[in-house]
Amino acid sequence: MSTSPTPDALLGPADIRELADVLGVRPTKQRGQNFVIDANTVRRIVRTADVRPDDVVVEVGPGLGSLTLGLLEAADRVTAVEIDDVLAGALPATVAARLPGRADRFSLVHSDAMHVTALPGPAPTALVANLPYNVAVPVLLHMLDTFPSIERTLVMVQAEVADRLAAPPGSKVYGVPSVKANWYADVKRAGSIGRTVFWPAPNVDSGLVSLVRRSEPVRTTASKKEVFAVVDAAFAQRRKTLRAALAGWAGSAPAAEAALLAAGVSPQARGEALTVEEFARIAEHKESGPQ
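According to the numbering used here, the stretch in the sequence shown is residues 6 to 296, in order.
Right, here's the structure in full:
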């Protein structure tokens, strides 16, 4: 059987609606379901993600399979993680019907992505996904943490979330997602997506975010958990100075000031001005023992 992709393998608007009708699927806001109905957008995402012939791609929230088919045309293998019972049950048949020569390169994991700790087959090298808006950041961070083999990531998320993830220190929207994503990867905005390429059309615009795994991890003697605790504390009260915002974390305001000074960070600074490396230095200088 030929393994070359068929020209009409990708799903168009009529295909999507027909599939949904047959399955009795109605997209739900609860799961943030908005299905991509434009094949050109799928091709653009695959191209922007720089999916290569030897890539093992993991996709979260494949839905009816629009992006899945585009990825399967370009990558060596694709594993899709889907929580919805009906969608998970239907996707293998869609792949077999639209790309029969590539069906043996596809795997489905019927699970909540937040609980996935292992994937079938070779380790994933790339993550490409249209992430449900309501869980985009925790799912992204979980996948990057759980699968260190993922070198390149491209996710489509709500435009506001895309801005936060890619924000540099000093930006008004720089916050917890920005710092934590930067712990794992170099992050940048990779484009915008309009509303009309989805069914149903969302009430917000979408953005593409590219994450390339850091060639060198953040150098620190503190653990990721310890660093993230500082980040969470700093942004829980982001309008306060770090001396005040980190008082609870350190045990007292003077203890917070001592840690900040030891880390070379001004106690009068605010979290939005700090890099992930600076947060790591603060974590290293927390005094141990009872406060």
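For glycine and all other residues, C-beta sits at the position ideal for the given N, C-alpha and C.
Handout entry: Of the listed residues E277, A288 and D237, nearest to A260 (C-alpha basis)
Key = A288
Exercise for the section: Kindly give me the distance between the Cβ atoms of L92 and L69, rounded to whole angstroms, as I take these residues to be in contact under 8 Å. Expected result: 7 Å
Problem - L213, buried or exposed, once every other Cβ within 10 Å from all chains shown has been counted against 16 - result: buried
Handout entry: Distance CB(V114)-CB(A141) smaller than 8 Å
Key = no
Practice task
Run through the region 155–197 for me and flag every whole alpha helix (DSSP H) of 4 or more residues, listed as ranges in chain order.
Solution key: 164–171 and 181–189
Practice task
Could you pull out every unbroken beta strand (DSSP E) segment of at least 3 residues lying fully inside the region 219–282, listed in chain order?
Solution key: none
Handout entry: Beta carbon of A131 nearer than 8 Å to that of D60
Key = yes
Problem - Reduced DSSP category for G70 - H, G, I as helix; E, B as strand; rest coil - result: coil
Problem - Cα-Cα separation between H147 and V133, rounded to whole angstroms - result: 14 Å
Exercise for the section: Using alpha carbons as the reference points, say which of V63, Q242 and G269 lies closest to G180. Expected result: Q242
Practice task
Could you please give the first and the last residue of the uninterrupted beta strand (DSSP E) stretch that includes L132?
Solution key: A131 to N135
Practice task
On the DSSP bridge assignment, give the partners of G212 in chain order.
Solution key: V162 and S197
Exercise for the section: Would you identify the three-state DSSP class for F284, choosing helix, strand or coil? Expected result: helix
Handout entry: Minimum C-alpha distance to G126 - residue among A85, P58 and N139
Key = A85
Exercise for the section: May I ask you to report which of helix, strand or coil DSSP gives T84? Expected result: strand
Handout entry: Continuous alpha helix (DSSP H) stretch holding H115: start and end
Key = Looking at the DSSP string, H115 is not in any alpha helix (DSSP H); the run it does join, the beta strand (DSSP E), is F111 to H115.
Practice task
Compute the minimum distance between the beta carbon of R275 and the heavy atoms of the ligand ATP, and state whether it is under 7 Å.
Solution key: Absent from the structure shown: the ligand ATP. Ligands present: none.
Handout entry: Euclidean distance between Cα positions of R157 and E221
Key = 14 Å
Practice task
Taking P67 as the reference, give the member of L96, D43 and R49 with the closest Cα.
Solution key: L96
Handout entry: C-beta contact flag for P174 and L279 at 8 Å
Key = yes
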